[in-house]
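**Q** Numbering (the working numbering), first residue to last: 570 to 744.
Quick reminder that beta carbons are idealized off the backbone N, C-alpha and C, glycines included.
Below is the structure I would like to discuss, written out as structure tokens.
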């Protein structure tokens, strides 16, 4: 995998900050690329993309934080949003069991999540879904590299300030 940059994506919530990755020479982050695929109002998944965005920015970012209930779709080392429906959290329950989109991520803590890319889940498993299989593999590689960087001190996690920096204090982390 090419070099990538970990950078802040959304930190306006009271409970959780979200980061994303910018891979290689891409102009847009992986998370932006995911949401851009569904931004046209006539796209059949536009409503679902907006539901997922609200779940991330409002429910996780502002209300609950990155608690376990939101991260129960562990896909090898990465996780996938949205979570499986639960009666205890209405926002999750309303999305239903057959929600068609998956967005891969890596939960660092209850206050920091790194979002990747994703797509349409139209088969029983992510690996069988044409739109997800490559993104599933890429998410695993990204999680491995980020985990190594945290372990070796290249990336510093500060849960109190909900920030990630490199070992020199830079907010854009090149890996």
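Could you spell out the range, first to last residue, of the beta strand (DSSP E) harbouring residue 595?
**A** Working through the chain shown from its first residue, we reach residue 595 at position 26. Taken as a continuous stretch (DSSP letters only), residue 595 belongs to no beta strand (DSSP E), as it is neither H nor E.
**Q** Run through DSSP, which three-state label would residue 614 get?
**A** Within the chain shown, numbered from 1, the residue matching residue 614 stands at position 45. Judged by DSSP in its simplified three-state form, residue 614 adopts coil rather than helix or strand.
**Q** Going along the chain, which residues of its own chain have a beta-carbon closer than 8 angstroms to the beta-carbon of residue 734, five neighbours each way excluded?
**A** Residue mapping note: residue 734 aligns to position 165 of the chain shown, counting from 1. Excluding positions up to five away in sequence, the list reads 724, 725, 727, 740 and 742.
**Q** Please report the distance separating the alpha-carbon of residue 707 from that of residue 694.
**A** Numbered from its first residue, the chain shown carries residue 707 at position 138. Numbered from its first residue, the chain shown carries residue 694 at position 125. Their backbone Cα atoms lie some 16 angstroms apart in a straight line.
**Q** Do residue 606 and residue 709 have their CB atoms nearer than 9 angstroms?
**A** Residue mapping note: residue 606 aligns to position 37 of the chain shown, counting from 1. Residue mapping note: residue 709 aligns to position 140 of the chain shown, counting from 1. Not in contact: residue 606 and residue 709 (Cβ atoms no closer than 9 angstroms).
**Q** Applying the 10 Å Cβ sphere with the 16-neighbour rule, what's the burial state of residue 704?
**A** Mapped onto the chain shown, residue 704 falls at position 135. Result: buried.
**Q** Just list the beta strand (DSSP E) runs in the region 652-733, keeping only unbroken ones of 3 residues or longer that don't cross its boundaries, in chain order.
**A** Complete beta strand (DSSP E) runs here, min 3: 670-678, 681-689 and 724-727.
**Q** Go ahead and label residue 676 buried or exposed: buried means 16 or more other beta carbons lie within 10 angstroms of its beta carbon, across all protein chains shown.
**A** As a position in the chain shown, residue 676 is number 107, starting the count at 1. Answer is buried; the Cβ neighbour count reaches 16.
**Q** Where does residue 636 fall in DSSP's three states?
**A** The count along the chain shown starts at 1 and reaches residue 636 at position 67. If DSSP states are grouped into helix, strand and coil, residue 636 belongs with coil.
**Q** With distances taken from CA atoms, which of 663, 640 and 621 is nearest residue 688?
**A** For the purposes of this step, residue 688 is taken as residue 119 along the chain shown, with counting starting at 1. Nearest Cα to residue 688 within the set 663, 640 and 621: 621.
**Q** So is residue 783 buried or exposed if we call it buried at 16+ other beta carbons inside 10 Å?
**A** In this structure the chain extends from 570 to 744, so residue 783 is not present and cannot be described.
**Q** Kindly give me the distance between the Cβ atoms of residue 668 and residue 651, rounded to whole angstroms, as I take these residues to be in contact under 8 angstroms.
**A** For this step, residue 668 is matched to residue 99 along the chain shown. For this step, residue 651 is matched to residue 82 along the chain shown. Indeed, because the Cβ distance is near 5 angstroms, the residues count as touching under 8 angstroms.
**Q** Check the DSSP bridge columns for residue 588 and list the partner residues they point to.
**A** Against the chain shown, residue 588 aligns to sequence position 19. Looking at the DSSP assignment, residue 588 forms a beta bridge with 577 and 683.
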